[in-house]
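Residue numbers (the numbering used here): 260 to 556. First the structure, in the form of structure tokens, and then the observations on it.
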Ligand code: ADP
Ligand code: MG
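Written out as structure tokens, the structure reads:
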């Protein structure tokens with residue numbers, strides 16, 4: 260296992276931040292760590308990276324006990340903290356050289372990282388002259404300098420504009436090809452765009468831990484349809500992916516489909532085959548964003 264978290268709890272004085280959290284990540288997975296503000300995402304990440312200690316529980320990264328050997332663990336972890344603390348007055352290359360010296364990384368590796376994160380044209384600029392998206396790349400470059408096996412990115416896309424978000428997501432996906440990545444976000448679409456797996460936390464507890472494809476099965480389409488006459492629900496039986504049928508009023512039906520494929524034409528066909536007339540039809544898609552809102556409310 261790349262990351263193993265066993266029954267971790269953490270309180271800041273009387274404020275409970277994590278309550279008995281357990282999960283593990285396989286090598287090479289990209290995991291979205293999703294939750295509303297204050298859920299405990301940053302706290303969990305600071306514990307995994309060995310920067311703060313839990314009140315109880317264990318954490319292993321690449322089989323290294325983080326609580327017993329934080330320094331050894333940090334050698335295999337790359338960490339982009341929330342708010343990406345950078346030295347704004349430093350030049351990009353100078354900053355990365357400074358970081359590389361801390362990790363005792365070879366100079367040649369700095370240039371590799373600069374290229375990998377797409378900073379080649381910006382290396383001679385001061386960090387404060389860069390856009391927020393490029394500053395985020397500097398933070399990511401600093402996190403991968405020592406070629407870590409595990410990358411922990413705390414809200415890497417927060418505060419970026421839509422184009423920058425897409426660029427950083429692509430970079431995360433690229434890096435995830437040969438690293439285990441755990442990144443936090445409060446945007447469900449982000450998880451859909453880059454992750455293999457999602458862990459949703461709220462108030463310090465895990466609500467959902469699923470592979471993305473399992474989660475996509477929770478997509479639903481709800482159709483409200485009114486016919487000219489009343490009839491028995493057996494008529495609907497031939498529709499595929501129909502997960503529930505409700506006769507809401509005499510001629511009104513609410514049909515729930517466990518698929519987001521547009522089923523309206525099938526309902527029109529069904530009406531025609533049975534000599535029924537459709538007087539009204541509305542659809543509502545329950546996407547992953549809705550699912551996230553429902554579980555975190
Ligand atoms: P997230 O990153 O999901 O927004 P955090 O891990 O930052 O959540 O916070 C989890 C909870 O712990 C919140 O209620 C927050 O107010 C509290 N918290 C975080 N850091 C501290 C701290 N240094 N002192 C006291 N409470 C804190
Ligand atoms: Mg946070």
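By construction, the Cβ of each residue, glycine as well, lies at the ideal position given by its N, Cα and C atoms.
- For residue 373, the number of other beta carbons within 10 angstroms of its own is at least 16, and it is reported as buried.
- Burial of residue 343 is indicated by the presence of at least 16 other C-beta atoms within 10 angstroms of its C-beta.
- Counting along the chain, residue 265 sits inside the beta strand (DSSP E) bounded by residues 262-271.
- Using a cutoff of 7 Å, the CB of residue 300 counts as near the ligand ADP, since one of the ligand's heavy atoms is closer than that.
- By a beta-carbon distance limit of 8 Å, residue 550 contacts residue 477. Their separation comes to about 5 Å.
- Judged by DSSP in its simplified three-state form, residue 371 adopts helix.
- CA-to-CA, the gap between residue 376 and residue 401 works out to about 10 Å.
- Cβ-Cβ distances below 7 Å link residue 442 to 291, 292, 412, 415, 431 in the same chain, with the five nearest sequence neighbours on each side left out; the list follows chain order.
- Sequence-distant Cβ neighbours of residue 383 in its own chain, meaning closer than 8 Å and more than five residues away, are 350, 351, 352.
- Counting along the chain, the unbroken alpha helix (DSSP H) around residue 549 starts and ends at 547-555.
- For residue 449, the Cβ stays outside the 7 Å cut-off from all heavy atoms of the ligand MG.
- Inclusion of residue 306 and residue 320 in the CB contact set at 8 Å is not warranted, their separation being larger than that value.
- The shortest CA-to-CA distance from residue 418 to any of 399, 404, 395 is the one to 395.
- With the rule of 3 Cβ pairs closer than 8 Å, the stretch 456-465 counts as touching the stretch 282-290.
- With fewer than 16 other Cβ atoms inside 10 Å of its own Cβ, residue 543 counts as exposed.
- Membership of residue 337 in the beta strand (DSSP E) is indicated by the continuous run 336-339.
- DSSP places residue 291 in the strand class (E or B) of the three-state scheme.
- In the three-state reduction of the DSSP assignment, residue 430 falls in the helix class, which pools H, G and I.
- For residue 377, no beta strand (DSSP E) run applies, since DSSP gives it neither H nor E.
- Check the Cα spacing between residue 309 and each of 287, 286, 336: the tightest is with 336.
- The beta carbon of residue 522 lies closer than 6 Å to those of 516 in the same chain, with the five residues before and after it left out.
- 8 Å or more divides the Cβ of residue 482 from the Cβ of residue 424.
- Residue environment analysis places residue 358 among the buried positions, since at least 16 neighbouring C-beta atoms fall within 10 angstroms of its C-beta.
- Exclusion of the five residues before and after residue 393 leaves 381 as the residues of its chain whose Cβ lies within less than 6 Å of its Cβ.
- Excluding residues up to 5 positions away in sequence, 428 lie with their Cβ nearer than 7 Å to the Cβ of residue 452 in the same chain.
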